[in-house]
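A.B. asks: In terms of the numbering used here, the sequence shown has 338 at position 282, counting the first letter as 1, and numbering is strictly consecutive.
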Amino acid sequence: MEALTAAKPLKPRVKSGKFWRTLLQQKYLYLMSIPFVAWVFVFNYIPIWGWTMAFQRYRPGKSFMKQEWVGLDNFRELFHDERFYMALKNTLAMSFMGLFAGFTIPILFALLLNELRRQMFKRIVQTVSYLPHFVSWVVVAGIINKMMSIDGGINGLLMNLHIIAEPIQFLAKADWFWGIVTASDVWKETGWNSIIYLAAMTGIDPELYEAARVDGAARIRQMWHITLPGIRTTIIILLIMSIGNLINIGFEKQFLLSNPIVADKAETLDLYALNYGLQLGRYSFGTAINIFNSVVAVILLFTANTIFKRTSKESIM
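1. Would you mind reading off the limits of the alpha helix (DSSP H) that contains R174?
2. Relative to the alpha-carbon of T290, which residue among F358, T258, E323 has its alpha-carbon at the smallest distance?
3. When the Cα of Q182 is compared with those of K202, R113, W280, F165, which residue comes out closest?
4. Since T238 contacts G154 with CB under 8 Å, what's their CB separation in whole angstroms?
5. Under 7 Å, do N361 and S371 count as touching if we go by C-beta distance?
6. Between the segment 279-289 and the segment 192-212, can you find at least three pairs of beta-carbon atoms closer than 8 Å?
7. Give me the DSSP bridge partner(s) of E124.
8. Do you know whose CA, among I363, G300, R366, lies nearest L357's CA?
9. Helix or strand or just coil, what does DSSP make of V242?
10. Between L134, Y86, W243, which lies nearest to W193 when the distance is taken from Cα to Cα?
11. Can you name the start and end residues of the alpha helix (DSSP H) that L80 belongs to?
12. For a quick check, are the C-beta atoms of P162 and S240 less than 7 Å apart?
13. Consult DSSP for F226 and reduce its assignment to one of helix, strand or coil.
14. Could you check which residue in S205, R113, S298 has the C-alpha nearest to that of F152?
15. Under DSSP, the alpha helix (DSSP H) around Y101 begins and ends at which residues?
16. Look at N130 and F341 and say whether their C-beta atoms are less than 7 Å apart.
17. For the alpha helix (DSSP H) holding E308, just list the boundary residues, first then last.
18. Is the beta carbon of A143 sitting closer than 7 Å to the one on L325?
19. How far does the alpha helix (DSSP H) with Y131 in it extend, from its first residue to its last?
20. CA-CA distance, I293 and K118?
21. With H, G and I counted as helix, E and B as strand and the rest as coil, what does DSSP make of K118?
22. Please tell me whether T343 and M109 are closer than 7 Å, where the distance is taken between their beta carbons.
23. Along the alpha helix (DSSP H) that carries R277, what are the first and last residues, could you check?
24. Locate the alpha helix (DSSP H) running through Y253, then write down its first and last residues.
25. Cα-Cα, which of E124, F159, Y101 is closest to F111?
26. Secondary structure at E323, three-state DSSP: helix, strand or coil?
27. Hey, how far is the Cα of M204 from the Cα of I210?
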């Protein structure tokens, strides 16, 4: 009996006062965080109450209790609509193309920028690359439309290089629309997205590079064996967050760059909710589409987090 008692694992002591001691020691940090917690609660959690509209045939002006409850009818209608699957296909295609290009190119850009030795030139390149992020999509769409028009700069360049014999209407080619949207997004956001990788690179110990140079490692080998492993955690965390937002690609760039010829390739789930939900006064149907987006995003986020947690021991939760 004594042996059994001795073998029984001891329960960890509960430090009941630890929470209050930490709260007292870091009271100013907690006080500063209160406005942001309140902001998240008001703008991110209270609106979830509006999801009840997806289970109603919502009529503006009626009170909550007088709305007609229709159960899952809005979701049944959604999953039986052929345009929904077309919008889902467009969304997933542009999301995966954007994830591949928009995630790898900023890493490569940050790696090359980190290798620049002339600080003045490095700062100029950084500043120029950040600027497109601050330009609205309305202006960007206008620039792209002008550049890709028949008398635009791209057609002129290609004809001067004798690559094409006559001008091409790039934005009238439905099969090219996904690529044009992805390239436009990469051009606009590459500089901005590379900031966090450059910040992570500054935390790498310079002695590692010194040791590598002594061993005869060239710059490419230093980037592969020191820089990339040094920012591995940052890459994985941002990749998990990007996968979580895979289906929420918005509608601005697709709406502004599209035209009636490429409309079937440009319709994303957000545009589908706008066209067939809000514009037609079908608020319940539009809410059902947004619930679908949110549920898929949460599933993707947890799946990606679980996979990376098991394979690389890195996670955000």
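Ideal Cβ positions, reconstructed from N, Cα and C, are used throughout, including at glycine.
C.D. replies: Looking at the atomic coordinates:
1. It is not in any alpha helix (DSSP H) - R174 carries neither H nor E in the DSSP assignment.
2. T258
3. F165
4. 5 Å
5. yes
6. no
7. R113
8. G300
9. helix
10. W243
11. 74-81
12. no
13. helix
14. S298
15. Careful: Y101 lies outside any alpha helix (DSSP H) and carries neither H nor E.
16. yes
17. 308-313
18. yes
19. Per the sequence shown, the amino acid found at residue 131 is Phe instead of Tyr. Residues 129-135.
20. 45 Å
21. coil
22. yes
23. 275-278
24. 251-257
25. E124
26. coil
27. 6 Å
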